[in-house]
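Trainee: Each residue of the sequence shown is one higher than the one before, counting from 10 in our numbering. Where a beta carbon is used, it is the ideal one built from N, C-alpha and C, also for glycine.
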Amino acid sequence: MLNYEKAGVSIKKADLLTELIREDVKSDNIGMFAGIYEHPAFPEHYLVGCTDGVGTKIIPLIAHDMIETAAVDLIAMNLNDMVCLGARPLFFLDYFATNSLDVEITSRFVKALRAELSKYGCTLLGGETAELGDLVTKGHFDVGGFAVGIVKKDKMLTKDSVRKGDIIIGLKSSGPHSNGYTLVRKLYENGQLSERELVEALAPTHIYVNKILELCDKGLVKACANITGGGIFGNISRVIPDGLRADIDKAKIPVQPIFDKLLALVGEEEAYRTFNMGVGMCIIAENDKVEDILNSCKEYGAFVMGEITD
Numbered sequence: 010m011l012n013y014e015k016a017g018v019s020i021k022k023a024d025l026l027t028e029l030i031r032e033d034v035k036s037d038n039i040g041m042f043a044g045i046y047e048h049p050a051f052p053e054h055y056l057v058g059c060t061d062g063v064g065t066k067i068i069p070l071i072a073h074d075m076i077e078t079a080a081v082d083l084i085a086m087n088l089n090d091m092v093c094l095g096a097r098p099l100f101f102l103d104y105f106a107t108n109s110l111d112v113e114i115t116s117r118f119v120k121a122l123r124a125e126l127s128k129y130g131c132t133l134l135g136g137e138t139a140e141l142g143d144l145v146t147k148g149h150f151d152v153g154g155f156a157v158g159i160v161k162k163d164k165m166l167t168k169d170s171v172r173k174g175d176i177i178i179g180l181k182s183s184g185p186h187s188n189g190y191t192l193v194r195k196l197y198e199n200g201q202l203s204e205r206e207l208v209e210a211l212a213p214t215h216i217y218v219n220k221i222l223e224l225c226d227k228g229l230v231k232a233c234a235n236i237t238g239g240g241i242f243g244n245i246s247r248v249i250p251d252g253l254r255a256d257i258d259k260a261k262i263p264v265q266p267i268f269d270k271l272l273a274l275v276g277e278e279e280a281y282r283t284f285n286m287g288v289g290m291c292i293i294a295e296n297d298k299v300e301d302i303l304n305s306c307k308e309y310g311a312f313v314m315g316e317i318t319d
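(1) Would DSSP call Phe42 helix, strand or coil?
(2) Grab me the residues of Arg282's own chain with a C-beta within less than 6 Å of its C-beta, minus the 5 sequence neighbours each way, in chain order.
(3) Indicate the three-state DSSP secondary structure (helix, strand or coil) for Thr65 in the structure shown.
(4) Would you report the Cα separation of Pro98 and Leu222, rounded to the nearest angstrom?
(5) Counting Cβ pairs closer than 8 Å, one from the stretch 86-102 and one from the stretch 43-50, do we hit at least three?
(6) Measuring only the C-alpha atoms, how far is Ser182 from Met290?
(7) Given this structure, state the Cα-to-Cα distance separating Met75 from Lys128, to the nearest angstrom.
(8) Measuring CA to CA, which of His48, Gly58, Leu141 and Ile68 is closest to Lys195?
(9) Just to confirm the assignment, what range does the alpha helix (DSSP H) spanning Met91 have?
(10) Distance, Cα to Cα, Thr115 vs Leu122?
(11) Quickly, what does DSSP pair Glu113 with across the bridge? List them, please.
(12) Which same chain residues end up closer than 6 Å to Thr132 when comparing Cβ atoms and leaving out the 5 residues on each side of it in sequence?
(13) In whole angstroms, give me the CA-to-CA distance for Asp163 and Lys147.
(14) May I ask you to report which of helix, strand or coil DSSP gives Lys161?
(15) Between the stretch 205-219 and the stretch 132-143, can you find at least three pairs of beta-carbon atoms closer than 8 Å?
(16) Once the 5 residues before and after Lys168 are set aside, which same chain residues still bring their CB inside 8 Å of it?
(17) Spatial neighbours of Gly315 within its chain, please: CB distance less than 7 Å, with the 5 preceding and 5 following residues excluded, ordered by chain position.
(18) Could you pull the start and end residues of the alpha helix (DSSP H) that Glu47 belongs to?
(19) Beta-carbon separation of Gly154 and Asn235 under 8 Å?
(20) In terms of residues, what are the limits of the beta strand (DSSP E) holding Tyr8?
(21) Have a look at His48 and Tyr55 and give me their C-alpha separation to the nearest angstrom.
(22) Per DSSP, Tyr309 is paired with what?
(23) May I ask you to report which of helix, strand or coil DSSP gives Ile216?
(24) Have a look at Gly95 and Ala50 and give me their C-alpha separation to the nearest angstrom.
(25) Judging by CA-CA distance, which residue of Asn188, Glu204 and Ile293 is the nearest neighbour of Asp61?
(26) So what does DSSP say about Lys120, is it helix, strand or coil?
(27) By a C-beta neighbour count over all protein chains shown, 10 Å radius and 16 as the cutoff for buried, is Val112 buried or exposed?
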């Protein structure tokens with residue numbers, strides 16, 4: 010049975026690298042969804058920074074001329090991480106590396122970036138376009154994003170306030186978002202996923218920023234986890250204090266056909282370690298806040314999926 014490691018991606022090595030970096034830079038930021046920076050010029054705030062790309066999802070997106078989707082995915086991978094600290098995005102920069110510059114495709118990408126960022130009050134401050142003919146395969150390009158935001162120190166979301174009995178709420182994903190595509194592509198190339206199923210899996214990543222910030226302004230949220238590489242359990246564990254755990258009922262997660270198919274192809278353990286399995290964002294909140302959150306997040310099909318236990 011094909012898995013993520015056989016497809017060419019090692020989660021174990023990525024986790025090891027994170028630990029090595031943590032030891033080298035001696036930073037408490039490593040392992041958080043974004044980095045925080047304290048400066049005397051902002052005594053009541055932290056600056057928050059993050060960087061990410063869209064991985065190998067870029068390959069089928071290019072093949073299907075879904076350039077605008079690539080722009081949305083790049084923003085989502087950064088801003089969805091940033092908002093897990095309760096931070097508001099300020100500005101964004103992009104890096105576009107290509108074999109040979111295609112003006113039409115590049116301009117479409119930048120226009121889509123600017124249009125999407127405007128929805129979140131975030132400015133496209135600048136970027137870099139690099140022609141790397143000796144490095145990037147002809148007809149391909151890769152992108153990276155860099156975002157900076159701000160959050161009041163006393164409003165930043167951390168795991169410190171999470172307690173036993175708190176409720177875990179899931180917000181539905183639009184599909185695999187931007188993770189696990191090395192495996193998705195291999196399954197497609199092997200004829201185990203159809204063209205229709207591949208295109209379904211390429212849906213743009215949901216961006217939860219405005220909704221999460223709205224909930225934060227109302228004091229409804231204790232912690233958030235963006236469900237990306239590592240799956241539900243690998244990411245929600247990042248916002249749970251030592252001595253506690255997430256008790257998640259998988260049966261409560263709404264069924265999406267693409268994940269049913271992936272589950273059948275790679276098995277339960279691999280599927281939940283690689284994909285978001287239908288959950289794009291997890292919110293941890295006190296029990297008396299749950300109804301307000303569910304009502305506010307109907308557009309994302311919000312549902313209770315578990316609780317914090319010891």
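Mentor: Taking the structure as given:
(1) The residue labelled residue 42 in the question sits at position 33 within the sequence shown. Of the three classes helix, strand and coil, the one that applies to Phe42 here is coil, per DSSP.
(2) As a working mapping, residue 282 is identified with position 273 in the sequence shown. Within the same chain, Cβ atoms closer than 6 Å to the Cβ of Arg282 are found at Gly240, the five residues on either side in sequence being excluded.
(3) Start at 1 with the first residue of the sequence shown, and residue 65 comes out as number 56. DSSP places Thr65 in helix when its eight states are reduced to three.
(4) For the purposes of this step, residue 98 is taken as the residue at position 89 of the sequence shown. For the purposes of this step, residue 222 is taken as the residue at position 213 of the sequence shown. Cα to Cα, Pro98 sits roughly 10 Å from Leu222.
(5) Contact holds: three or more Cβ-Cβ distances are below 8 Å.
(6) For this step, residue 182 is matched to residue 173 along the sequence shown. For this step, residue 290 is matched to residue 281 along the sequence shown. One C-alpha to the other measures close to 7 Å.
(7) Mapped onto the sequence shown, residue 75 falls at position 66. Mapped onto the sequence shown, residue 128 falls at position 119. Approximately 20 Å between the Cα atoms of the pair.
(8) Here residue 195 refers to the residue found at position 186 of the sequence shown. If we check each option's Cα against that of Lys195, Ile68 comes out closest.
(9) Looking up residue 91 in the sequence shown gives position 82. Note, Met91: alpha helix (DSSP H), Ile76 to Met91.
(10) Against the sequence shown, residue 115 aligns to sequence position 106. Against the sequence shown, residue 122 aligns to sequence position 113. Thr115 and Leu122: Cα-Cα distance of roughly 11 Å.
(11) Residue numbering aside, residue 113 sits at position 104 when the sequence shown is read from its first letter. According to DSSP, residue pairing for Glu113 in a beta bridge does not occur.
(12) The residue given as residue 132 occupies position 123 in the sequence shown. The residues are Phe100.
(13) In the sequence shown, residue 163 corresponds to position 154, counting from 1. In the sequence shown, residue 147 corresponds to position 138, counting from 1. Distance between the alpha carbons of Asp163 and Lys147 is about 49 Å.
(14) Position 152 of the sequence shown holds residue 161. Strand.
(15) Between the stretch 132-143 and the stretch 205-219 there are fewer than three C-beta pairs closer than 8 Å, too few to call the two in contact.
(16) As a working note, residue 168 is residue 159 in the sequence shown. Only residues of its own chain outside the window of five on either side were considered, and among them Ala232, Arg247, Val248, Ile249 and Pro250 have a CB closer than 8 Å to the CB of Lys168, listed in chain order.
(17) Taking the first residue of the sequence shown as 1, we reach residue 315 at position 306. Excluding sequence neighbours, Gly315 sits near Ile177, Ala255, Asp256, Ile257 and Asp258.
(18) In the sequence shown, counting from the first residue as 1, residue 47 sits at position 38. Unbroken run through Glu47: none, as it is neither H nor E.
(19) Counting from 1 along the sequence shown, the entry for residue 154 is found at position 145. Counting from 1 along the sequence shown, the entry for residue 235 is found at position 226. No, these two residues do not count as a Cβ contact at 8 Å.
(20) Shown here, the chain extends from 10 to 319; a query on residue 8 therefore has no answer.
(21) Locating residue 48 in the sequence shown gives position 39, counting from the first residue. Locating residue 55 in the sequence shown gives position 46, counting from the first residue. Each residue's alpha carbon lies about 8 Å from the other.
(22) Residue mapping note: residue 309 aligns to position 300 of the sequence shown, counting from 1. Beta-bridge analysis with DSSP links Tyr309 to no other residue.
(23) On the sequence shown, residue 216 is found 207 positions in, with the first residue counted as 1. Ile216 falls in the coil class under three-state DSSP.
(24) Translated into the one-based positions of the sequence shown, residue 95 becomes position 86. Translated into the one-based positions of the sequence shown, residue 50 becomes position 41. Taking the straight line joining both Cα atoms gives about 20 Å.
(25) Within the sequence shown, numbered from 1, the residue matching residue 61 stands at position 52. The shortest Cα separation from Asp61 among Asn188, Glu204 and Ile293 belongs to Asn188.
(26) Residue mapping note: residue 120 aligns to position 111 of the sequence shown, counting from 1. Residue state, collapsed to three classes: helix.
(27) For the purposes of this step, residue 112 is taken as residue 103 along the sequence shown, with counting starting at 1. It counts as exposed.
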